[in-house]
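A.B. asks:
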RNA sequence: GCACCCGUAGCUCAGCUGGAUAGAGCGUUGGCUUGCGGAGCCAAAGGUCGUGUGUUCGAAUCACGCCGGGUGUACCA
């Protein structure tokens, strides 16, 4: 409908003034109409004409469009369109655009590292990534959800060193003594110990460097036998099992697969070799570096002086691997913004080998996840904000505020609390507010949905497909529902799920206003109004579904 | 130093491909209930959109400077 009117305006404009403008309609305050268009204002000066005259001429020409009941010229030259009731009904039924139809999209997010805990940032990208992936999927994309994590690297060296210390030597059988429900906790304690030793103890540091090398060797030699390797594989498995358990609890869409860093070492190193020959990379102080200064960036180490690949080299390998396996149209990576500059260097280096891959990549970044009150968290020493801390906080706040806590509401609280904020800056998560019985929260929307369902349940089964002339309150509601498809399209284009949150909340408010003033069950307009309620509940549920939030029938 | 990000109501945030009186939630103050789920609705108070200049018919939105906060800046990820 929007596109049709834009087209009509463009044609009318061309008829009148020859010039062919790009016409964009936007939503406007209901007091002005349904859509507004400022093309006259934009082009008036260029055509040396008074914008109001242009607008008047356009309005006259557009007045016979059946979808439009009135075109008014307002202010300095806005064209305000009021749609017919028929058009509104049609729009409320329209589906979001299949703008990604047939496209292959990779979505990489969450990315926790084995041997470490899942922290609040991982939780955030898990939830946002799931929503972004769902949005793209509904737009027709073939989405592959990928999870990449460091099963090799310095942090593993640190953890493995401390694990062996703890076990009093390379005794894999002693791992049996660690209770199954405490494995993740136990591993992260070892990691913290290893990190402390690495930073404070010179001899430990040397040992950790050696242990790190040995971990790489496990993969290079495909070692499943040695005592050291057995410890490694067991602990890595513990990590993956722990991650899976959390994802299941979160009720997010399952990942298609994990890509462990160890698998991208080889392809990464091959690119480094090639790049050294071609002069893309150079040796410096025993390390292999990419000099980013020539591109306005900075120099980064891709292979350290011990001959081990850094994250940079592995990321090159990851990109190559993804490309070979999927030949994607778009590859999204969601991470914290502290690696933004880093990623630019990697992408620049990558563009020498896979220019198309570099072009099709999209890096979404987010800020710190904080609790209210600005509690400082050090990522170094283990006193970080963990994923489970957030979930626990939501649950106890739910209990405290509402006197009861269900999994549905607690999860909705966390997910909506994260998602309603624009992806980019720091995220403040307030458990109290997120479970809030009033206000802009996940549980509020769940309640709004349940209430609508309850009205429908109360009504006698009747024809809910009645359309017809609308009264003001009905019209406002239907008008708002018609925005849904546009909002989803916008969220897809911008990869910004928060637009969906903002909209759903506004929709619920619009409904509540309607509901306050209009009876549904038993009213002479019951059939038509039931149709509106039905459509509202469905829209709400669908929107929440895209955000990964369930909408129960009852609460 | 250089690069990038951020600065909108007491708090947490929308709005940013320039447009009509800058919007929500929480909190504060007041009102609405013999009615479909009051977890609601209505209303009030609260803003030099960090700051200055510029571009424009028009700037929270674009450009540049400044102030304030954050992150990155060679062998961590």
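Residue numbers (the numbering used here): 1097 to 1651. Glycine included, every Cβ here is placed at the ideal spot set by N, Cα and C. In this text, all values refer to a predicted model and were calculated from it rather than measured experimentally.
(1) In three-state DSSP terms, what is residue 1243?
(2) Answer yes or no: do residue 1164 and residue 1154 have a C-beta to C-beta separation smaller than 8 Å?
(3) Can you tell which of 1336, 1129, 1105, 1328 has the C-alpha that lies nearest to the C-alpha of residue 1207?
(4) Going by DSSP, what residues sit across from residue 1354 in a beta bridge?
(5) Three Cβ pairs or more, each shorter than 8 Å: is that satisfied between the segment 1509-1516 and the segment 1213-1230?
(6) Should residue 1443 go down as buried or exposed, given a rule of 16 or more other Cβ atoms within 10 Å for buried?
(7) Within 10 Å of its beta-carbon, does residue 1250 have 16 or more other beta-carbons around it, so buried, or fewer, so exposed?
(8) Alpha carbons only, please: which of 1427, 1641, 1612, 1301 is nearest the one belonging to residue 1202?
(9) Between the segment 1375-1383 and the segment 1423-1442, do at least 3 Cβ pairs fall closer than 8 Å?
(10) Would you mind sorting residue 1474 into buried or exposed? The rule is 16 or more other CB atoms within 10 Å of its CB.
(11) What residues match up with residue 1645 in a beta bridge as DSSP calls it?
(12) By how many angstroms is the C-alpha of residue 1299 removed from the C-alpha of residue 1445?
(13) Only counting the same chain, and skipping five residues up and downstream in sequence, which positions put a Cβ closer than 8 Å to that of residue 1404?
(14) Give me the Cα-Cα distance between residue 1532 and residue 1494, rounded to the nearest whole angstrom.
(15) How many Å lie between residue 1115 and residue 1103 at the Cα?
(16) So, with DSSP's three-state summary, where would you put residue 1405?
(17) Could you tell me whether the Cβ atoms of residue 1290 and residue 1360 are closer together than 8 Å?
(18) First and last residue of the alpha helix (DSSP H) that includes residue 1290?
(19) Rounded to the nearest angstrom, how far is the Cβ of residue 1593 from that of residue 1643, given a contact under 8 Å?
(20) Using alpha carbons as the reference points, say which of 1121, 1200, 1306, 1187 lies closest to residue 1068.
(21) By how many angstroms is the C-alpha of residue 1616 removed from the C-alpha of residue 1481?
(22) Does the pairing of the segment 1570-1579 with the segment 1595-1608 give three or more beta-carbon distances under 8 Å?
(23) My guess is that residue 1242 and residue 1204 are in contact by the Cβ rule of under 8 Å, so how many angstroms apart are they, rounded?
(24) Compute the distance between the beta-carbons of residue 1245 and residue 1465, then report whether it is under 8 Å.
(25) Measuring only the C-alpha atoms, how far is residue 1238 from residue 1323?
(26) Since residue 1214 and residue 1483 are thought to touch, with beta carbons under 8 Å apart, how far apart are those beta carbons, to the nearest angstrom?
(27) On the DSSP letters alone, give me the boundaries of the alpha helix (DSSP H) that residue 1112 sits inside.
(28) Suppose you measure from the CA of residue 1106 to the CA of residue 1190; what does that come to, to the nearest Å?
(29) To which residues of the same chain is residue 1526 closer than 6 Å at the C-beta, ignoring the five residues directly before and after it?
(30) Considering only the alpha carbon of each residue, which of 1585, 1401, 1637 lies closest to residue 1236?
(31) Quick one: grab the DSSP three-state call for residue 1563.
(32) For the beta strand (DSSP E) containing residue 1462, list its first residue and its last residue.
(33) By the DSSP assignment, the beta strand (DSSP E) with residue 1166 in it spans what residues?
(34) DSSP state of residue 1238, grouped into three classes?
(35) DSSP has residue 1215 in a bridge; who is on the other side?
(36) Given residue 1271, which residues of its chain have a CB within under 6 Å of its CB, disregarding the five upstream and five downstream residues?
C.D. replies: In brief:
(1) In the first chain, counting from the first residue as 1, residue 1243 sits at position 147. Residue 1243: strand per DSSP, three-state reduction.
(2) Locating residue 1164 in the first chain gives position 68, counting from the first residue. Locating residue 1154 in the first chain gives position 58, counting from the first residue. Not a contact, by the Cβ cut-off of 8 Å.
(3) If you number the first chain from 1, residue 1207 lands on position 111. Taking residue 1207 as reference, the option from 1336, 1129, 1105, 1328 with the minimal CA-CA separation is 1336.
(4) Counting from 1 along the first chain, the entry for residue 1354 is found at position 258. Bridge partners of residue 1354: 1243.
(5) Under the 8 Å Cβ criterion, the segment 1509-1516 counts as touching the segment 1213-1230, having at least three qualifying pairs.
(6) Sequence index remark: in the first chain, residue 1443 carries index 347 (1-based). Counting Cβ neighbours within 10 Å, residue 1443 comes out buried, since at least 16 surround it.
(7) For this step, residue 1250 is matched to residue 154 along the first chain. Here residue 1250 is buried: its Cβ has 16 or more other Cβ atoms, across all protein chains shown, within 10 Å.
(8) Translated into positions along the first chain, residue 1202 becomes position 106. For the set 1427, 1641, 1612, 1301, the Cα lying nearest the Cα of residue 1202 is the one of 1427.
(9) In this structure the segment 1375-1383 does not touch the segment 1423-1442; the number of beta carbon pairs closer than 8 Å is below three.
(10) The sequence position of residue 1474 within the first chain is 378, counting from 1. Caution applies to residue 1474, whose pLDDT of 40 falls short of 50 and renders its modelled position unreliable; the value that the coordinates give is listed next. Within 10 angstroms of the beta-carbon of residue 1474 lie fewer than 16 other beta-carbons, which makes it exposed.
(11) Residue numbering aside, residue 1645 sits at position 549 when the first chain is read from its first letter. Per DSSP, none; premise fails for residue 1645.
(12) In the first chain, counting from the first residue as 1, residue 1445 sits at position 349. In the first chain, counting from the first residue as 1, residue 1299 sits at position 203. The alpha-carbon atoms of residue 1445 and residue 1299 are separated by roughly 36 Å.
(13) Here residue 1404 is taken as the residue at index 308 of the first chain, counted from 1. Counting only Cβ-Cβ distances below 8 Å, and skipping sequence neighbours, we find 1308, 1309, 1312.
(14) If you number the first chain from 1, residue 1532 lands on position 436. If you number the first chain from 1, residue 1494 lands on position 398. Looking at the two C-alpha atoms, the distance is approximately 8 Å.
(15) As a working note, residue 1115 is residue 19 in the first chain. As a working note, residue 1103 is residue 7 in the first chain. A direct Cα-Cα distance of roughly 14 Å separates residue 1115 from residue 1103.
(16) Against the first chain, residue 1405 aligns to sequence position 309. Note: residue 1405 maps to strand in three-state DSSP.
(17) Sequence index remark: in the first chain, residue 1290 carries index 194 (1-based). Sequence index remark: in the first chain, residue 1360 carries index 264 (1-based). No, these two residues do not count as a Cβ contact at 8 Å.
(18) Locating residue 1290 in the first chain gives position 194, where the first residue counts as 1. Per DSSP, residue 1290 belongs to the alpha helix (DSSP H) from 1279-1296.
(19) Working through the first chain from its first residue, we reach residue 1593 at position 497. Working through the first chain from its first residue, we reach residue 1643 at position 547. Right, their Cβ atoms sit about 6 Å apart.
(20) Lying outside 1097 to 1651, the shown extent of the chain, residue 1068 is not represented and no answer is given.
(21) In the first chain, the residue the question calls residue 1481 occupies position 385. In the first chain, the residue the question calls residue 1616 occupies position 520. Using only the alpha carbons, I get a separation of about 47 Å.
(22) As far as the Cβ criterion goes, the segment 1570-1579 touches the segment 1595-1608, which means the pair count is three or higher.
(23) Taking the first residue of the first chain as position 1, residue 1242 is located at position 146. Taking the first residue of the first chain as position 1, residue 1204 is located at position 108. Going by Cβ atoms, the distance from residue 1242 to residue 1204 rounds to 4 Å, so yes, they are a contact pair.
(24) For the purposes of this step, residue 1245 is identified with residue 149 of the first chain, where counting begins at 1. For the purposes of this step, residue 1465 is identified with residue 369 of the first chain, where counting begins at 1. The answer is no: Cβ separation not under 8 Å.
(25) By 1-based counting over the first chain, the position of residue 1238 is 142. By 1-based counting over the first chain, the position of residue 1323 is 227. About 42 Å.
(26) For this step, residue 1214 is matched to residue 118 along the first chain. For this step, residue 1483 is matched to residue 387 along the first chain. With 8 Å as the limit, residue 1214 and residue 1483 qualify as a contact, their Cβ atoms being about 4 Å apart.
(27) Position 16 of the first chain holds residue 1112. First-last of the alpha helix (DSSP H) with residue 1112: 1098-1113.
(28) Here residue 1106 is taken as the residue at index 10 of the first chain, counted from 1. Here residue 1190 is taken as the residue at index 94 of the first chain, counted from 1. For residue 1106 and residue 1190, the distance between alpha carbons rounds to 23 Å.
(29) Mapped onto the first chain, residue 1526 falls at position 430. Excluding residues within five positions, the ones whose Cβ falls inside 6 Å are 1468.
(30) Stepping through the first chain from its first residue, residue 1236 is reached at position 140. Taking only the C-alpha atoms, the option nearest residue 1236 is 1585.
(31) Counted from its first residue, the first chain places residue 1563 at position 467. If DSSP states are grouped into helix, strand and coil, residue 1563 belongs with coil.
(32) Numbered from its first residue, the first chain carries residue 1462 at position 366. Residue 1462: member of the beta strand (DSSP E) spanning 1457-1462, first to last residue.
(33) For the purposes of this step, residue 1166 is taken as the residue at position 70 of the first chain. Its beta strand (DSSP E) spans residues 1164-1170.
(34) Within the first chain, residue 1238 is the residue found at index 142, counting from 1. If DSSP states are grouped into helix, strand and coil, residue 1238 belongs with the strands.
(35) Within the first chain, numbered from 1, the residue matching residue 1215 stands at position 119. Bridge partners of residue 1215: 1482.
(36) Indexing the first chain from 1 puts residue 1271 at position 175. Here the set comprises 1330.
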